[in-house]
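Asks: I have a structure I would like to understand better, so I am pasting it below and will then ask my questions one at a time.
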Amino acid sequence: MPEHDYCVVKIREIRGVIHDEDDTNDVWAKVQWYYAPEDVAGVIKSFDTSACSPFERVFSDHFDFVSSESFNEVITIPELKDEDIEQQYIDPNVFYTRYTIERQSRRLKELGAVAVIISAPTSTSAF
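Numbering of the sequence shown is given in full-length UniProt numbering, commencing with residue 1 and proceeding in unit increments.
Set out below in structure tokens:
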């Protein structure tokens with residue numbers, strides 16, 4: 001399987017159960033999913049996957065429980081912020097994120113997007 005096809009999650013909580021009868025244990029993690037571009041297109045039909053790298057992931061509000069046996073490795077997901085002139089270099093073969101998705105409302109947001117309220121002037125023609 002190509003590396004960019006792996007699923008990516010953020011671990012939120014880890015719980016374990018010890019089974020006294022056979023001295024085994026189960027370890028589960030509550031995770032928050034990073035969606036692949038194709039997953040986002042399944043939620044937001046107008047989402048253009050061709051504008052995304054195969055390594056791009058979108059941080060979602062989707063939580064789940066996953067067995068710890070499923071995990072391959074721990075990685076850091078750098079954030080790509082298009083407007084940041086001091087953006088760190090991100091290798092083309094590294095998972096990264098620049099959006100979040102709200103599944104219920106089907107909204108995509110840029111990470112770190114900031115809105116500013118302007119009290120004056122009241123007309124954009126002043127610019």
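All residues carry an ideal CB built from backbone N, CA and C; glycine is no exception.
Just so we're clear, the structure is a prediction, and the values are computed from it rather than from any experiment.
1) Only counting runs of 4 or more residues, tell me where the alpha helix (DSSP H) segments fall wholly within the UniProt domain "BAH" (1-112), in order along the chain.
2) By Cβ distance below 7 Å, which residues in the same chain neighbour residue 201 in space, the five residues on each side in sequence not counted?
3) Determine the contact status of R57 and Q32, defining contact as a CB-CB distance below 9 Å.
4) Residues in the same chain with beta-carbon distance under 6 Å from V27, minus the five sequence neighbours each way, listed in chain order, please.
Replies: Let me spell this out:
1) 37-43
2) The chain is shown only over 1 to 127; residue 201 falls outside these bounds and no answer can be derived.
3) no
4) G16, S68
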